[in-house]
Structure formats: structure tokens, C-alpha cells
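Asks:
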Amino acid sequence: MALQQSSAAVRPALRPSASLLANMRGELARNTPFSEMSAQDLDFFLTRSAQRYFAPGEILVEPVNGIVQQLFFIRQGAVTSERGMTALSGGAFQYEAGDLFPVSATMARRAVTATYRATADTFVLALPCDAMWELAARSAVFADFMNRRVLRLLDLSRQALQADYSSQVLAAQSLERPLGEVASKTPVTCLAGTSLREALSAMHQRRIGSILVTSVSGVPEGILTRHDVLGRVTLAGVPLETCIGQIMVRPVHTLTDDHTAQDAVLLMSQYGVRHVPVTRDGVVVGMVSERDLFALQKLSLKQVSMSLRAAADVHALKMAARDIRQFARGLVAQGVQARQLTALISHLNDVLTERLLTIKAQQHAVDLTRVCWLALGSEGRSEQTISTDQDNALILRDGVGEEEHKAILAFAQDVNNALDACGYPLCKGGIMAGNADCCLTLGRWRERFSRWIQHGAPQDLLNASVYFDFRALAGDVSLAQALRAEVGAAAREMPRFLKQLAINALGHAAPLNWLGSIAVDDQGLVDLKLRGTAIVVDAARLYALAHGVTATSTRDRLMAAGPSIGLAAHEYEAWVGGFEFLQMLRLRVQLDAGSNPDQPNHVEVAALNDIDRRILKESFRVARSMQQRLQLDFER
1269 MALQQSSAAV RPALRPSASL LANMRGELAR NTPFSEMSAQ DLDFFLTRSA QRYFAPGEIL
1329 VEPVNGIVQQ LFFIRQGAVT SERGMTALSG GAFQYEAGDL FPVSATMARR AVTATYRATA
1389 DTFVLALPCD AMWELAARSA VFADFMNRRV LRLLDLSRQA LQADYSSQVL AAQSLERPLG
1449 EVASKTPVTC LAGTSLREAL SAMHQRRIGS ILVTSVSGVP EGILTRHDVL GRVTLAGVPL
1509 ETCIGQIMVR PVHTLTDDHT AQDAVLLMSQ YGVRHVPVTR DGVVVGMVSE RDLFALQKLS
1569 LKQVSMSLRA AADVHALKMA ARDIRQFARG LVAQGVQARQ LTALISHLND VLTERLLTIK
1629 AQQHAVDLTR VCWLALGSEG RSEQTISTDQ DNALILRDGV GEEEHKAILA FAQDVNNALD
1689 ACGYPLCKGG IMAGNADCCL TLGRWRERFS RWIQHGAPQD LLNASVYFDF RALAGDVSLA
1749 QALRAEVGAA AREMPRFLKQ LAINALGHAA PLNWLGSIAV DDQGLVDLKL RGTAIVVDAA
1809 RLYALAHGVT ATSTRDRLMA AGPSIGLAAH EYEAWVGGFE FLQMLRLRVQ LDAGSNPDQP
1869 NHVEVAALND IDRRILKESF RVARSMQQRL QLDFER
């Protein structure tokens, strides 16, 4: 293999020795896509490449060179791409050891649009484009990577994530969860003086397999199960008027809520019991059964949904809501993609909210057919992650009287507080249906959106980032449909408003420094929401409004608007891919039990593996390219 000490024309590649080829093959195979390619294809790449050295500041390739003649693989060092004057305003992007470039230009058989300059002592392998096309023809893995670079990196990241969370889920399935999380059911209890007839009737009516006997203060004294009835009551001929305290099983074996499900399994096996009361400070707080422990092994969407829909009160919803996080962890372990995962989380949150609305509407005597409950923000886009606060509103029918309006507002406030109790914190910005300015008639909402669109003050633009993503969740859906049609038409007819939205969307730049590497804060962290997903969400919303796209999810907006703005499929698919990686990384941070609850969207860049760090940087580059496109399309 030829070693060249300058950026002069590449000499023909030489056939390396067998030992050198083996060493180089091992080095190459540590990187994507070579890690999945055959040894023969790796040798093809190596024997047709030439090694070159570039000193710091030396140019590898630039637009004046014309059509790109070679693909570069960085063995050592770093290369920064600079796109004209954009480099002065954070427009550079840094490639590191293991990266291939310039992929887009070589695939399109065109000149590069940026200047690629070494920023350190840099060694590269230069593969002639003719050889690159030949390699793509013989290696499907290489061709797929070149055509779908961002998406392929996402696949590899997801595979690694799946393997990591699979082990965590297995740990959860090994019954290491505390009983305080498992024993979600409030046990049915009675006093020792209760008659057998009354106790058995309660078991039959509630379709339960046991009834716990406690003292007045809630201390467990005994238990009677359906299994005990045959031997202790029926065959023994005990009258049904007998007090349950005379035939109950005692002592009753209990565990505290700090014990694990594994402890419950062992206790059941040791004493041959099927039900274990769970106590806190000696008082019963729950009951765990054999069936509960088996259910831990497979938490399904149907199971979580059913528990939410069957909840009779806020306490039961609070207990059922805990399963959503566990379910999300299981989905990650199964390799579910970000868009499906956030959609499922949002769906379960919808189910919880719908059930809560039904419960509270009955308590407040509110007719849900006269209102429409709106999900806003990430919930409106069906893109909720684990750590999320409330964003909601209410549309009332025109002509609602003052008394009815007050009753509906009180109902909404109660719902907001109940959602907070279930783990969905109150919105710090006050964007909740229980606030008077978020609980309006259809006519008032029309006036409000019209004012935002026509005047476009800074606060209006902030509102646009939340309210314009509204989605009907419950009640009279036609109210939301009417508002959606009018808002979309008004926004398209107001270019000034769209321009101001674009300026607002450019307020937070993607976190890439002047060299093009990831810019972190003093703690080594980067905000994945503010500096990542929010950029893509804002751009997608803007293009959707400008092109009449009615979808609310970011992915659907980009897929629908991409062709309308003249993008090639691989370009807007890369936008989607970058967004979904950032979403998945946010979910990982939030699912990590050791994460900082005060910073649920911050990731420590140095702690990421090589693939995740590389795709994170690529995702930020994609976000920056979206902002550059916004400047071209709307800042004229």
C-alpha cells in the first residue's frame, strides 16, 4: 500500500504483504460499514486504496477540484468540512477516525460543496471512485451504507441499544422489582367478626381469589382463599353464619413493600401459599398473587391498556401509570423504533387521560359531547417521551353559558391535578385546560389563532410552537377539525407569519462548534431537546403550515412536506432518521434510573459509545442543515 506524504496526486495502490493486509483488515473491521463486510470485500477496499498523509491545515478536496475522484477513509486524525462563509457562523462539520467522506458527492458524481481540511496530522485511505462503484456492486452492505448512511448508523445504534436493554428487562423479569411496584391492587379486607356468607359474597362479586382479615387499624390477622373454602368450610360443614375469624388461615405470611418479587416467589414456595399481603409499617397496603408474578414475565400493550381502562379512580390510574415506563423499557429491549415507541407511549397516555376525563366528567356532571379536550405539544404530535409535563386545552361549543363555563373550568382543573398525581407534572408555562385562557369557546379560539397569525409578536411565536400541534383527544372532535382547517388556511396566506416562525426556529443553533465537533456545556452535557429535537420539530411544523400538511407528527410532516420543497427522498429521510435517533437517545436518558431528574433531556457525550457519538454528531449536522434550508426558504 503506497504511503504518500502530501496531497499530491495519488500513486497507484500497491499490493501489501499478507501480514500488513491482515492488520489493516482488523483495523478497518472496527468501523461501520466494514464490520459487517466479508474479508474478501475488505481486502478489495484495502488493495485498491492508497494511503495519504495531510498536515494540519492542508486541503484534501475542495469545490474547485471538480467532480470527486476518490472516497476517503480516515485512519488517524480529523478533517473539517467548511462551506464558504458558513464556517464563520458554525457551519463546519468534523470527521474523525473511522469516518468516510464525502459520501454524498461521490454517490452523486459531482463536485463537493465544502472545503475539506485536515485539522491534525491525518492519515487517510483514498479509494478511487471507479473502485468504489465496483465495491458497491459486489457488497450489498457497502452499497446500503453509502445510499442510507444515516439510516444504517441508526440501525446499528438500535441493535446495540436493544442488546443493552434486553439484559435490563431480563433483570426485571428475574423478579428483582420491589413489591411496592408489583402489588398495585388494594386488597379486599374484612374484620374477624364478619360472617362467612358476607365474606364469600364479597369474593364472588369482585371475582377475587382471597379475602384478607385485618384488625381495625389494618394489621393482617389471617386470610381465607378460594382454595381453603373446600376443606375448611364445605367439607367441614361449617355454617355460613360463622365468623370468618374462626376458620381463617393463620398466621398470615406477609412481606413489606421493600421486599422483592423474588422474595414473594420464595415465600410462596416455602409455605405453599398463592397470595402474599404486602405491608408498610405493619399495615396492609397491597396484595401480590401467583398470577401477578407470572404477569411480570410479559407486560403487554393489551395488559397495560386494560388496566388503565378498568381503573375506577385516580389511585388506580396512578398505579397503572407506573406500568407505562416498564412497558417502554420492554419495547426498547425488543428493538422497537423511536417513532413507534413514542407513539405507543403517547397512546397509553391518551388512554389514561381519556379514562380520567370520563371519571372526572361523571363527578362534575360535565357533558363531554359539548367540549373537545385537546392534546398539545409533544402529546399532540404523539411524540411523548417518558419525562413529560402537561400541555392541554379545551374547546367549548359557542353559546356556552357562564355557569356551565365555570363548571367545565373546575372540571378541567381537577383533571390537571389528577394528571399531576399520576406522574404528568403541571405545565410550568400554564398551558393547561384548567387555566381560563386555555378553556375557550370555538369562536374565542378562532380569534386567538387569528391574532397570533396576523400580529406574530414574540409570545405569539412561542404559543405557535405548542398550540399549533393540537390534536383532539376526547369529546366533540368536530370542534378541533373546524379549527384545524381554518388555522392551516390562515397560516399559508400570511408569509410574514411564516417568516417570523422561521426566525424563531433559528433561535437555537445545533450544538456544533466552529470545528464541527459536538459542543458541550461545562459539565460535558448537551440538551437533546432544546438543541436537537426542538430544531427538527420547529422546521417540520413550519413546512407543514406552509404546504398545507394537516399531519401533526414530526415524521409525517417531514415525509409529506419533503417532496413539496424539492428534496430528494434520501434527504428528508435523513431528517427523519436524525430526529428519531435524538428521540431514542432522550428516551434512553429518561429510562436510565441514574439519570438526573432535573435534566431529563441532557446526555453526557463522553459516555456514549463510538457509534452513538458519531450518529449524534451526524444528527446535529442534519438539524443544522434543516436550519440552513429554513434560511434559504423563508428569510428572503
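Under the working numbering, the residues of the sequence shown are numbered 1269 to 1904, in order.
C-beta: ideal position from N, C-alpha, C; glycine also.
This structure is a prediction, so every number in the text was calculated from the model and none was measured.
From Glu-1841, Asp-1790, Ala-1837, pick the residue whose C-alpha is nearest to that of Val-1873; which is it?
Replies: Asp-1790
Asks: Cα separation between Gly-1669 and Ile-1676?
Replies: 11 Å
Asks: Between Thr-1524 and Pro-1446, what straight-line distance do the alpha-carbon atoms span, to the nearest angstrom?
Replies: If you draw a straight line from the Cα of Thr-1524 to the Cα of Pro-1446, it comes to about 9 Å.
Asks: When burial is assigned at 16 or more other CB atoms within 10 Å of the CB, is His-1870 buried or exposed?
Replies: buried
Asks: If you measure between the beta carbons of Arg-1739 and Gly-1648, is that distance less than 7 Å?
Replies: yes
Asks: Starting from Met-1852 and walking both ways along the alpha helix (DSSP H), at which residues does that stretch end?
Replies: Taken as a continuous stretch (DSSP letters only), the alpha helix (DSSP H) holding Met-1852 covers 1837 to 1859.
Asks: Does DSSP put Ala-1439 in a helix, a strand or coil?
Replies: Low local confidence applies: a pLDDT of 45 at Ala-1439 is under 50, so the model's placement there is unreliable, with the coordinate-based value given in what follows. In the structure shown, Ala-1439 sits in a helix (DSSP, three-state: H, G or I).
Asks: Can you name, in chain order, every residue of its own chain whose Cβ lies under 7 Å from the Cβ of Gly-1816, other than the five neighbours on each side?
Replies: When the five nearest sequence neighbours on each side are left out, the beta carbons in the same chain lying within less than 7 Å of the beta carbon of Gly-1816 are those of Gly-1756, Arg-1760, in order along the chain.
Asks: Might you give, ordered along the chain, the residues of its own chain that have their beta carbon closer than 6 Å to the beta carbon of Arg-1475, omitting 5 neighbours on each side?
Replies: none
Asks: Exposed or buried, Leu-1296, counting other C-beta atoms within 10 Å across all chains shown (16 or more means buried)?
Replies: buried
Asks: What's the C-alpha gap between Leu-1937 and Ala-1689?
Replies: Nothing about residue 1937 can be read from this structure; the chain reaches only from 1269 to 1904.
Asks: Within 10 angstroms of the Cβ of Asn-1617, are there 16 or more other Cβ atoms? Answer buried if so, exposed if not.
Replies: buried
Asks: Can you check which of these residues, Leu-1393, Ala-1386, Thr-1387, is closest to Leu-1314 by C-alpha distance?
Replies: Leu-1393
Asks: Scan the stretch 1720 to 1798 and note each continuous beta strand (DSSP E) run of 3 residues or more that stays entirely inside, going in chain order.
Replies: 1739 to 1743, 1793 to 1795
Asks: By the DSSP assignment, the beta strand (DSSP E) with Tyr-1363 in it spans what residues?
Replies: Residues 1361 to 1364.
Asks: Between Gly-1800 and Phe-1888, how many whole angstroms is the CB-CB distance? I'm expecting something under 8 Å.
Replies: 7 Å
Asks: Do you know offhand how far Gln-1344's Cα is from Cys-1640's?
Replies: 59 Å
Asks: Between which residues of its own chain and Ala-1758 is the CB-CB distance below 6 Å, once the five residues before and five after are set aside?
Replies: Ile-1721
Asks: Report the three-state DSSP secondary structure of Ser-1655 (helix, strand or coil).
Replies: coil
Asks: Taking contact to mean at least 3 C-beta pairs separated by less than 8 Å, is the stretch 1331 to 1345 in contact with the stretch 1397 to 1407?
Replies: yes
Asks: Just the Cα atoms here: how many angstroms apart are His-1472 and Arg-1854?
Replies: 46 Å
Asks: Cutting at 7 Å between CB atoms, please list the residues of its own chain near Gly-1461, excluding the five before and the five after it.
Replies: Cys-1511, Gly-1513
Asks: Is Ile-1676 helix, strand or coil when you go by DSSP?
Replies: In the three-state reduction of the DSSP assignment, Ile-1676 falls in the helix class, which pools H, G and I.
Asks: Could you work out which residue in His-1776, Glu-1622, Arg-1856, Ala-1307 is closest to Ile-1741 when comparing CA atoms only?
Replies: The sequence given here has Leu at residue 1741, not Ile. Of the listed residues, the one whose Cα sits closest to Leu-1741 is Glu-1622.
Asks: Near Gln-1681, what residues of its chain come up, given a Cβ to Cβ distance below 7 Å and the 5 sequence neighbours on each side ignored?
Replies: Gly-1702
Asks: Quick test of your reading: Glu-1330 and Thr-1387, contact by CB under 8 Å. State the CB separation rounded to the nearest angstrom.
Replies: That belief does not hold up - the Cβ atoms of Glu-1330 and Thr-1387 are roughly 15 Å apart, past 8 Å.
Asks: Measure the C-alpha to C-alpha separation of Val-1890 and Ala-1589 and round it to an integer number of angstroms.
Replies: 35 Å
Asks: Would you say Val-1844 and Arg-1823 are within 7 Å of each other, going by their C-beta atoms?
Replies: yes
Asks: Determine the DSSP secondary structure at Glu-1670, reduced to helix, strand or coil.
Replies: Helix at Glu-1670.
Asks: If distances are taken between C-alpha atoms only, which option among Ala-1532, Ala-1323, Tyr-1539 comes closest to Arg-1519?
Replies: Per the sequence shown, residue 1519 should be read as Pro rather than Arg. Nearest option by C-alpha distance: Tyr-1539.
Asks: Just the Cα atoms here: how many angstroms apart are Glu-1350 and Arg-1385?
Replies: 8 Å
Asks: DSSP three-state call for Ser-1557: helix, strand or coil?
Replies: strand
Asks: Report the partner residues of Leu-1642 according to the DSSP bridge assignment.
Replies: Ala-1661, Ala-1740
Asks: Between Ala-1732, Val-1745, Val-1788, Ile-1883, which lies nearest to Ala-1808 when the distance is taken from Cα to Cα?
Replies: Ala-1732
Asks: Which word fits Ala-1837, buried or exposed, when buried means at least 16 other C-beta atoms lie within 10 angstroms of its C-beta?
Replies: exposed
Asks: How many whole angstroms separate the CB atoms of Asp-1657 and Lys-1696, which I take to be in contact at a CB cut-off of 8 Å?
Replies: 7 Å
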